Every structure is written in C-alpha cells, then in structure tokens.
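The structure under discussion appears below in the form of structure tokens.
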DNA sequence: GTTGGAGTTGACCATACGGTCAGGAAAAGA
DNA sequence: TCTTTTCCTGACCGTATGGTCAACTCCAAC
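The structure is reproduced here in structure tokens:
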C-alpha cells in the first residue's frame with residue numbers, strides 16, 4: 001500500500017531497533033550509571049536478546065556514547081532559544097522555558113549527561129572543549145551586550161549561565177528528591193509554578209524586570 | 001612519649017584505617033559511581049590490600065552507605081548556618097557561603113550525594129523522607145516568615161531552596177565542566193567571584209537588597 | 001524461486017568482580 | 001613470659017558481565 005515505506009523496509013527495521021535500544025539504554029544508564037548498567041538489562045528493557053544489541057552497537061561504550069551524543073544535541077537545540085531575542089527578559093526567559101521543558105520531558109537524558117560530566121566527561125570531553133566552549137563564549141558576549149545596553153544589571157555572564165544550567169537541570173537530576181519532598185510527581189500546575197519561580201527569581205536577580 | 005595516644009593504640013589504628021578507606025572510597029565512588037567503583041581500586045587508592053577493606057566494612061554497600069551518610073552530616077551541619085539570622089540577607093547569604101564552601105572543599109562528597117539521589121536514592125531514601133523533609137519544611141516556614149515581614153519578595157520557598165541547592169552544588173557536581181570552560185581550576189579570586197555572583201543574583205532575585 | 005546479504009539469536013567464553021577464609025603477625029592483658 | 005584478642009593478607013571461589021560466534025531466518029533483487 002504505502003509505497004513510500006516499501007523500499008525503505010530494511011532501513012526501517014534498523015532505525016526502529018536502534019531507536020528502541022537507545023531509548024532503553026538512556027533509561028538504564030540514567031537509573032544505574034554507566035558502570036551499574038548491564039547490557040542484559042538494557043536488552044530486557046528493549047525487549048530484545050542481548051546479542052542483538054551487539055549487532056547494532058559494537059560495544060557498551062559505543063552505545064553509551066550515542067546516548068550522550070543524542071542528549072547533547074537536544075541540549076544544543078534548546079540553546080538556540082536564547083538567540084534573536086531583543087533583550088534578557090525574552091532571551092533568558094525563553095531559555096529557562098526551554099531548559100525546564102527538557103528537564104520535564106527528558107529527565108533520563110539529563111541524568112546521563114550529569115553523570116557523564118560528574119565522572120570527568122570521559123567520552124565527551126572534546127564536545128566540552130569545542131562546541132560547548134564556543135557556545136558559552138558566544139552567549140556570554142550576548143549577555144555582556146545586554147549589560148552594556150543597560151538592559152540588565154552587571155553580573156558575571158559565565159556565572160549567570162552556570163546558574164541557569166544548575167537551576168533548570170536540578171528539576172531533572174534531583175527530580176527524585178523533589179518528588180519525595182513534594183509527596184509525589186509535580187503536577188502540571190506545579191511545573192508551571194516551578195518554571196515561573198525560576199524565571200521570576202533569575203530575571204529579578206539580574207535586574208531585568 | 002605521648003601517653004595520650006598510648007592507651008588508645010588499638011582504637012587509633014582502627015580509626016585511622018577506617019578514615020583512610022572512607023576517604024579513598026569517597027573519591028572512587030565520586031569518580032566512577034557505585035556500579036563503576038571496584039573494591040580493588042578503592043583498596044589501591046587507600047594503599048591497603050583488598051581483604052583489609054572487608055575486615056573493616058562487611059560489604060561494598062555498607063562502605064558506600066557510610067560515605068553517603070558522612071556527606072549528609074556535613075550537609076546538615078551547613079544547613080544550620082541559616083538559623084538565627086535576623087533576615088534573608090544574613091540567613092540566605094550565610095547559607096550560600098556555607099554550601100559554596102562545601103562544593104569547594106568536598107566536591108567528591110557532593111558528587112556521591114548527587115549520584116545517589118539521581119539513581120533514586122536507593123540507600124538514603126529514609127533520610128529524604130524524615131530528616132530532609134523536616135529540615136525543608138522548617139526552612140520554608142522561616143522563609144515564609146521573612147516574606148510576611150516584608151523582608152523579601154513573595155516567592156515560593158520550596159523553589160527558592162531548590163535554587164539554592166542547585167546553584168551551589170553545581171560548582172561541585174559540574175566542576176569538571178566549569179573547569180574546562182574556565183581553562184583550569186577556579187582560583188581563589190574566581191571562587192570569591194562565584195560566591196559573590198551567586199549571592200548577588202539570588203539575594204536580588206528575592207528582593208532582599 | 002533462487003541467491004546473497006541483512007537481521008537474529010542461543011550458547012558459549014574469558015575476565016573481573018565482590019566476597020571468603022585460613023593462618024600468620026602484632027598488640028594487649030595476665 | 002604466655003595467652004588472648006585484634007589485625008592483616010595472599011590465595012581462593014562462585015558469579016555475572018561484556019563480548020563472540022556459528023547457525024539460522026527473513027527480505028529484496030534478479
């Protein structure tokens with residue numbers, strides 16, 4: 001019937017299984033860490049025999065690398081929300097929104113990323129030194145421009161970025177702690193309140209309101 | 001010579017070795033996570049044969065539990081700095097100072113704690129539900145008091161606490177990322193700048209200046 | 001419908017891991 | 001000095017892990 005799918009049957013299978021495995025891997029790596037995760041458990045979560053994982057990914061490390069790389073892409077994509085903003089209220093506001101949304105939608109990815117960095121970034125050190133460094137320098141300059149324009153108070157742009165990362169990612173990485181204190185997962189309304197609180201405190205904190 | 005040490009010789013040895021092992025364990029758990037850490041590596045770092053670890057600690061999990069418990073104590077101790085303050089500037093300012101100092105002096109401990117929580121707090125869930133929950137409720141009430149007194153803007157106290165934790169612990173947990181972006185470890189002066197930046201942004205963010 | 005390569009998988013392997021233990025060394029008490 | 005208790009450790013064990021492989025099925029192209 002759907003001739004659009006017909007010729008890509010093989011690719012389809014491959015793509016579907018790779019996605020399935022990556023999804024399971026993200027979850028297991030987030031829950032157990034790289035060292036604590038086992039290929040067997042990832043296979044079970046994915047619903048595939050272990051040997052099949054090794055057909056698509058040559059090693060545990062390569063699988064892990066792909067998972068981390070995927071997260072970094074999401075992270076970078078959200079970072080674009082800061083651009084083309086007339087000022088800090090819109091730019092940083094949008095960035096906080098985007099990053100809070102990631103914490104909500106991809107908590108496992110966030111945890112894997114956090115874990116990777118905490119352990120000294122053994123597999124993504126090069127990303128940190130190139131892409132992330134460039135991105136950070138660019139946004140720091142952008143923020144400095146807003147300061148020079150008098151659109152916000154003079155704060156150290158680097159430390160502002162660290163605070164943005166910390167405050168937003170905390171809702172994913174420490175989600176379990178928050179849920180425990182909250183007596184359950186955050187509701188839709190509580191998520192909005194979290195977002196608003198973070199935005200209000202930071203925007204007021206940089207004198208942009 | 002030192003008769004003060006003489007009668008406690010046995011205890012001395014025990015205490016010293018336990019401390020040595022706990023110190024090594026904290027480092028290794030921080031670097032590799034629970035699953036990635038091995039008793040052999042901890043033993044090597046401590047400079048003791050592996051079998052000796054099992055003389056002092058019956059299992060890897062018990063050793064880990066002790067490490068996490070130690071960190072929680074430090075954490076709780078710092079938490080006291082918020083009490084007996086006349087207002088948010090002093091109370092929250094002191095708390096930020098204390099927590100930033102922990103991030104600087106005990107980065108490994110902070111990482112182990114973060115890792116534990118990220119993995120669902122398998123061994124310290126009871127702490128979260130009792131001690132931490134009580135502490136949080138108490139400080140939230142304290143903050144609410146300051147709000148009612150008009151000493152700061154009305155913000156959600158819980159989310160303020162989350163931001164405090166996030167912003168300060170970030171300098172330990174993501175220290176590797178910060179060091180990479182910074183081109184090396186933070187200097188004494190940079191640490192002061194970090195502390196001042198966090199304090200300035202948050203205190204202004206809650207309208208307490 | 002036959003052929004070639006992609007996809008699949010149970011069985012298997014070498015290794016590394018947490019943990020044990022017997023027996024010796026060192027310290028404390030008598 | 002002799003005895004008892006604590007401390008120490010090399011050698012060892014069962015298990016679980018990451019990874020391999022040969023045999024198989026399924027799909028697409030001719």
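Protein chains in written order, with our numbering: chain A, 1 to 209; chain B, 1 to 209.
Yeah, the Cβ is synthetic: ideal placement off N, Cα and C, and Gly gets one too.
Because the structure is a prediction, the values reported are computed rather than measured.
{"Query": "Short CB-CB distance (under 8 angstroms) between residue 177 of chain A and chain B", "Result": "yes"}
{"Query": "Where the alpha helix (DSSP H) containing residue 85 of chain A begins and where it ends", "Result": "Unbroken run through residue 85 of chain A: none, as it is neither H nor E."}
{"Query": "Cβ of residue 72 of chain A within 8 angstroms of any chain B Cβ", "Result": "no"}
{"Query": "Minimum C-alpha distance to residue 201 of chain B - residue among A:188, A:167, A:172 and A:177", "Result": "A:167"}
{"Query": "Closest by C-alpha distance to residue 113 of chain A, when choosing among A:207, A:209 and A:29", "Result": "A:29"}
{"Query": "Partner residues on chain A for residue 159 of chain B, Cβ-Cβ distance less than 8 angstroms", "Result": "193, 194, 197, 198 and 201"}
{"Query": "Backbone secondary structure at residue 5 of chain B - three-state DSSP", "Result": "Reliability fails at residue 5 of chain B, whose pLDDT of 35 lies under 50, so the model's placement of it is uncertain and the value that follows must be treated cautiously. In this structure, residue 5 of chain B counts as coil in the three-state DSSP scheme."}
{"Query": "Secondary structure of residue 122 of chain A, DSSP reduced to three states", "Result": "coil"}
{"Query": "Environment of residue 55 of chain B [buried if 16+ CB atoms lie within 10 Å]", "Result": "exposed"}
{"Query": "Of the listed residues A:53, A:92 and A:39, nearest to residue 196 of chain A (C-alpha basis)", "Result": "A:92"}
{"Query": "Enclosing alpha helix (DSSP H) for residue 79 of chain B [first to last residue]", "Result": "60-79"}
{"Query": "Expected contact under 8 angstroms - CB spacing of residue 162 of chain A and residue 159 of chain B to nearest Å", "Result": "Not a contact, Cβ separation roughly 18 angstroms."}
{"Query": "Residues, ordered as in the chain, of the segment 108-137 of chain A that lie near chain B by beta-carbon distance below 8 angstroms", "Result": "111, 114, 115, 117, 118, 119, 120, 121, 125, 128, 129, 132, 133 and 136"}
{"Query": "Cβ of residue 5 of chain B within 8 angstroms of any chain A Cβ", "Result": "Confidence at residue 5 of chain B is low in this model, with a pLDDT of 35, below 50, so the placement of that residue should be treated as unreliable; the coordinate-derived value is given next. No, because no Cβ of chain A sits closer than 8 angstroms to the Cβ of residue 5 of chain B."}
{"Query": "Collapsed DSSP secondary structure at residue 157 of chain B in the structure displayed", "Result": "helix"}
{"Query": "Inter-residue spacing [alpha-carbon to alpha-carbon] between residue 73 of chain A and residue 164 of chain A", "Result": "18 angstroms"}
{"Query": "Limits of the alpha helix (DSSP H) - the one that residue 152 of chain B falls within", "Result": "First-last for residue 152 of chain B: undefined, no H or E at that position."}
{"Query": "Positions along the segment 20-50 of chain B whose CB lies within less than 8 angstroms of some CB in chain A", "Result": "30, 31, 32, 33, 34, 35, 36 and 37"}
{"Query": "Min CB distance residue 205 of chain B to chain A below 8 angstroms", "Result": "yes"}
{"Query": "Pair within 8 angstroms by beta-carbon distance, residue 221 of chain B and residue 146 of chain B", "Result": "Coverage of chain B is limited to positions 1 through 209, which leaves residue 221 of chain B absent and any answer about it impossible."}
{"Query": "With 16 other Cβ atoms within 10 Å as the buried cut-off, status of residue 26 of chain A", "Result": "buried"}
{"Query": "Beta-carbon proximity of residue 143 of chain A to residue 157 of chain A, cut-off 8 angstroms", "Result": "yes"}
{"Query": "Among B:42, B:32 and B:33, nearest to residue 19 of chain B - alpha-carbon criterion", "Result": "B:42"}
{"Query": "Any 3 or more C-beta pairs closer than 8 angstroms across the segment 59-68 of chain B and the segment 120-134 of chain B", "Result": "yes"}
{"Query": "Where residue 14 of chain A falls, given that 16 or more other Cβ within 10 Å makes a residue buried", "Result": "exposed"}
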